[in-house]
Structures are given as structure tokens and as C-alpha cells.
Amino acid sequence: MTVEAQKETLGFQTEVKQLLHLMIHSLYSNKEIFLRELISNASDAEDKLRFAALKDDSLYEGDPDLKIRLDFDEKANTVTLTDNGIGMTRDDVIQNLGTIAKSGTAEFLKQLSGDEKKDSKLIGQFGVGFYSAFIVADRVEVFTRRAGTPAEEGVHWESKGDGEFTIEQTNRENRGTQIVLHLKKEAKEFANGWKLRSLVKKYSDHISFPVEMRKEADGEDKEKSDEFETVNDATALWTLPRTEIKDEEYKEFYKHIAHDFEDPLTWSHNKVEGKLDYTSLLYIPARAPFDLYNREAPRGLKLYVQRVFIMDDAEQFLPLYLRFAKGVIDSNDLSLNVSREILQNDSTVESIRTALTKRVLDVLSKLAKKDPEQYQKFWGEFGTVLKEGPAEDFGNREKIAGLLRFASTHTGERTQNVSLDDYIGRMKEGQKKIYYITGDNFSAAKSSPHLEVFRKKGIEVLILSDRIDEWMMGYLNEYDGKQFQDVARGDLDLGEVETEEDKKHKEEAAEEHKDLLERIKKALDDRVQEVRVTNRLTDSPACLVVGDFDMGAQMKKIMEAAGQKVPDSKPIFEINVDHPLVQRLESEKGEERFNELSAVLLDQATLASGEQLDDPGAYVARLNRLLLELAN
């Protein structure tokens, strides 16, 4: 079969078309980042070859000198980037350059607003690497061959970024990948040696492989020099002493490893020597990636062993609730032939994981104290993920709890900016517990009748309205020696804040209205577990209370959404005997009307607690009957 017969024209995946269009328009104001992205990809290809060659050094094909070459042609208006890394097969090219194999891509695209500034940040988080070439080029060619394959299995890929690409077989003697950018007229500034050198120094100085360019020859004819020189530092950044690294270099290295377009919020660079010997460089991003809540998405640190790249997403070094952290770990204590399976059962890995987890938590604690405004940005992006921590990391629960942020009745705002230390600092004299309430949303929780006695006594209550909150609080029993209490669960213990007079009034009311309680219980039949006098309410006639060991409304909804069976449980029905409606109910002689009124009170309390009625139609019918009686 001839080489020409292998040529095909294929269409981009729909999501690629959309991304290409959006990216070209959204990122044009920052078009020079194309070079950083392409050099980062080339560096990854070199890393992958070096790792693969640990098992099979024939992949070097007699050329173990790994490097990246950058060239340009002013007359042809082209920029060419060549690496001698792992290269690609035909299938690799179609997969890597024609599709985006990321779950949630369509959902991500829905988030794009059309606002160029906002969209550029979102697109940056998606990691669009290669496609950034089309910001400056109206035609892109890729010549590549997978290391270890015959020369005739080379591949030539070409596209104008207009919805389709061509792919054909070609002879290619050299392994690796060459990308030729045919620049747009308005991007001809990049076909310039000085410009390209300055961009390499700006964005890719930290790349651990040499980036080479032709030596500038004397005289006007500068392109004829056959000598190449390294134009970047070509030193692995994490191996340098912290004192020798500028903040800008740390930021650019982050963008390289994370394929992010934004600066990180903060970072920690640490070298450990002694029982364990490793270096870590950990970053906290400024913005959440679109697939953060997909717990199956690739995550983890770039792993190096003795400066040799091993794998991209080594998830074994940090727990799942810290999956937002990015960075590099370079160990001298692991074998060069380490695999994911070996990592899972390695005691050294477990020791490093414990230390790195503590380090990330310490970085966040330091950020929270040093720059609360920046920490609030972090919390807005990653707070919900951090809330997974108390359940997953028993040993660090107290430390994680100190990093949590909540809305509260003190601020009255839905913004989660109150720490547990803030709360404890404002506790009333005699208050022994940290009170909280959970709800489907902030407004419903904030207006819950369960908060009435707390408002009256000026006690702050934390308002938890994220879906994960009730589940999280099942693993948080106390903080700083103070127990948590759900104000809508079990007996309400106000400690010394509740006066003797309050306690006496409740006891006397329970005795005085014993017949009413029994009568309501009988009227509501099997709908409630118990009817009792409340110490929670001041303005409402009744409320529902969850039993100490029963499942709350949030957890029920989560389980139902997951298709799991929800355990049967009945609520406790508390009534406010000082309320006029309850007093009117108590004076009702007719049994049928009493039953109707009791059912209406229960249904209203159910709605106020944020739960759905089992039979909304019956509630409406009852209410209508009562309204008609009033009208008559």
C-alpha cells in the first residue's frame, strides 16, 4: 500500500471544535502562552521516554541525549518545535490530537459564559495544551514516530483548526515529535529569535531538559548557523535551594506541571533528609478544575525517583480530600522500577504520605492566618472537598476542623467565612457546646424555627447547607474540647445558658399539659415517635426533631438519590404550649376538628424543617376546610 493511500480526513470530536473556537477567541490577548504549553508537552514526552527506557533502553535508538529544539523561519513565517521524546503512533495521534478523553467535558463547556476574561480562566483549568497552537497559527503540522517503531510508521497530522484534520503515514527517521506552526499574519512577531528566546526564559527556564536554539551568527544572515545552544537553565527547579529560586520561577513551574494559566495561591518547597530522603514542591491552585468533584478523575503528584520521571498522577502520596494539591515529589528511597501497584503497598510511601498530608494542612493553616482574604478564595474553590477530610483522615480531624469555614447566625450571610476558633471566641458565658443546624439551603436553615431560642439568648449557631455537611458532622464529634450539637436533633442541651427558671417552666408545662400531649399523639397515630413540650421555640407553635440516632433529612436525600434504601424513622414532635394556636388546639372539644388541627400543625412543622410532605394534597384539603370554616 502506498503512503498516499493511508491519508485520511477526519473530523474533530464536537467538544474539540467548541474548545478550539472558544480558546482562539478567549485566549488571544495572552497568545504567547502557546510556547509554554508546547514546550511543557515536549518535556512530558521526554520524561515518558526516559521512564520507558528504564525497562528497554533500545527505545533510545542510539540517541540518549534528550533535548527540545526550537527553530523559526522568518520568510516562511513558521515556528518549529522538535523533541526526541516518546513520540506517537497513528492511534495515539488520533486520540491525543482529535479527541478530549475527559469525563464531564460537555458539562464544562456549559460553564463557559462567552465573557472572554472569565472563560480564559476556565479554559486554562481544562488543560488544553496542544490546541493553544491555534491561537497563533492558522495551520499546524505534526510529524511524529513512537520510539521503538520502524521509520515507515511515522505519522503526519495536519489541521487548520476548522473542524477537521488529515492524517497520513510517512517515513520519519527520528523518534519523537516535530510541530510546525504556520503563523497567522498578525502573529509574525513570533518568527523571531530574540522573541522566542525571551519567551523560553520567561516561561520555560525551569524545564529540566535543554531547550536549544540556533546560535545567532554574526552579520545579517543569522539563520545559517548549524550550531545550537541551550537557552534555558535546564535544571530541575525542585532540586535547587529555595534561596536561589524567585517567586516568578515557582509560579511558572506550577503552570508547567499543572497546565494552569493562573498563578497558584501559595506553595511549599521542602527537602527532607535522614530516615527518609525526598524533596517535595507542593502547590495550592487558585481555581478548581472542572472535574474536581469526580473522585475517579486522574489526580496526584508528579513522581520522580532520583530525578528520573516515573509517573504523572501518583495519587498514593496524598489523601483523596487533598486532591486539589499539585506538585512534585522526588524520592531517593524508592526503586526506579516502581509501579502504581508497588506504591500501594510500600511503607516508605505511607511515611511520605503522612508527612505530605501534614505539610499541605500546615500550608493551608499558614495561609488562613497570614492572608485570610486569599484563604477565603481557596475555601470558595475547594472548601467542599476539604469537608471530606474528617471522614477520611481520623488522625488529622482536629487540624482539618480548624480549616473549615461556615456561615452563621452571627453574620447572617450565606458566605462561609466563620472558623471554629472565631465561633469559640464568641461563645456565651456558660456555653459548653458548638451549636449548628443543617438544611437544604442557606435560607431554609437560617429561617428554621429551631433557631428561635438561640436568637432570644444571643447564642451563635453555625448554618450548614452544603449537601455533604450532615455526613461530615457525623465524623466531627468535638473541636478544642467542645462538643458539637445539632440544634434539630435529640434533647436540646443549652448548658448553663439555660436558667433554672427555663428548666422549671419546661418541666411544669410538660406536667400541666400531659393530657394535650397524649391527645396529639393519639391524633397523629403512627406519624410521630413522640410528642413533647419544647424548649426550642419562642415564636412558632411546633417543630420536628430528629432522634439522636436517626438519619437527618440531608442524608436521607443523598441516600435516595444514590438509589439506596432509607431506614424507617419517625420524628419527635415538639410543641410550644405558650403559642396561641396550641392553646386554641387544647381548648378544642370536637375530636375530628382536633385531629385536623393537629395534622395541620405537623404538616407545617414538616415543611418548616425542609422536608417534603408524604401527602401534600391531604394537607391542602385540610387547610381549605379550616379556611372555609373561618369564612363562615
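Counting in the UniProt record's numbering, the sequence shown tops out at residue 632, every number present. Don't be surprised by glycine CBs; every beta carbon is placed ideally from N, CA and C.
| Check | Outcome |
| --- | --- |
| Own chain residues within Cβ distance below 8 angstroms of residue 51, not counting five before or after | 308, 309, 310 and 311 |
| The region 503–514 contacting the region 544–554, beta-carbon criterion three pairs below 8 angstroms | no |
| Endpoints, beta strand (DSSP E) assigned at residue 467 | Counting along the chain, residue 467 falls outside any beta strand (DSSP E), and DSSP gives it neither H nor E. |
| Residue 78 in three-state terms, based on DSSP | strand |
| Burial state of residue 198, where buried means 16 or more other Cβ atoms lie within 10 Å | exposed |
| Best match in 256, 183, 180 and 279 for proximity to residue 200 [C-alpha to C-alpha] | 256 |
| N- and C-terminal bounds of the beta strand (DSSP E) containing residue 304 | 301–305 |
| Any 3 or more C-beta pairs closer than 8 angstroms across the region 466–476 and the region 441–451 | no |
| Contained alpha helix (DSSP H) runs [length at least 4] in the region 475–541, N- to C-terminal order | 500–512 and 514–523 |
| First through last residue of the beta strand (DSSP E) which encompasses residue 271 | 266–272 |
| Assigned exposure category for residue 241 - 16 Cβ within 10 Å defines buried | exposed |
| Under the three-state DSSP convention, the category residue 612 falls into | coil |
| Alpha-carbon to alpha-carbon, residue 559 and residue 566 | 7 angstroms |
| According to DSSP, residues forming a beta bridge with residue 157 | 142 and 167 |
| Bounding residues of the alpha helix (DSSP H) (the contiguous stretch that carries residue 135) | No alpha helix (DSSP H) holds residue 135; DSSP gives it neither H nor E. |
| Buried or exposed by the 16-neighbour rule on C-beta atoms within 10 Å, applied to residue 285 | buried |
| Option nearest residue 139 by Cα separation, candidates 160, 498, 335 and 153 | 160 |
| Run of the beta strand (DSSP E) containing residue 281, from where it starts to where it stops | 278–284 |
| For residue 283 and residue 266, the rounded distance between their alpha carbons | 6 angstroms |
| Check whether residue 280 and residue 294 have beta carbons under 8 angstroms apart | no |
| Run of the beta strand (DSSP E) containing residue 380, from where it starts to where it stops | Premise fails: residue 380 lies in the alpha helix (DSSP H), 372–386, not in any beta strand (DSSP E). |
| N- and C-terminal bounds of the beta strand (DSSP E) containing residue 182 | 176–183 |
| Coil, strand or helix - residue 94 by DSSP | helix |
| Residues of its chain near residue 363, where Cβ-Cβ distance is below 8 angstroms and the 5 sequence neighbours each way are ignored | 266, 267, 268, 282 and 284 |
| Option in 476, 61 and 598 with minimal Cα separation from residue 585 | 598 |
| Option in 172, 450, 621 and 145 with minimal Cα separation from residue 487 | 450 |
| Status (buried if at least 16 other CB within 10 Å, exposed otherwise) for residue 67 | buried |
| Where the alpha helix (DSSP H) containing residue 423 begins and where it ends | 420–425 |
| Residue 434 burial status per 10 Å Cβ neighbour count (16 or more: buried) | buried |
| Distance between beta carbons of residue 86 and residue 650, contact taken as under 8 angstroms | Shown here, the chain extends from 1 to 632; a query on residue 650 therefore has no answer. |
| Run of the alpha helix (DSSP H) containing residue 400, from where it starts to where it stops | 397–403 |
| Residue 247 to residue 253 span [Cα, whole Å] | 10 angstroms |
| Residue 182 and residue 77 closer than 8 angstroms at C-beta | yes |
| Straight-line Cα distance separating residue 424 from residue 360 | 25 angstroms |
| Length of the line joining the Cα atoms of residue 60 and residue 21 | 38 angstroms |
| Cβ contact check for the region 518–537 and the region 569–588: 3 or more pairs under 8 angstroms | yes |
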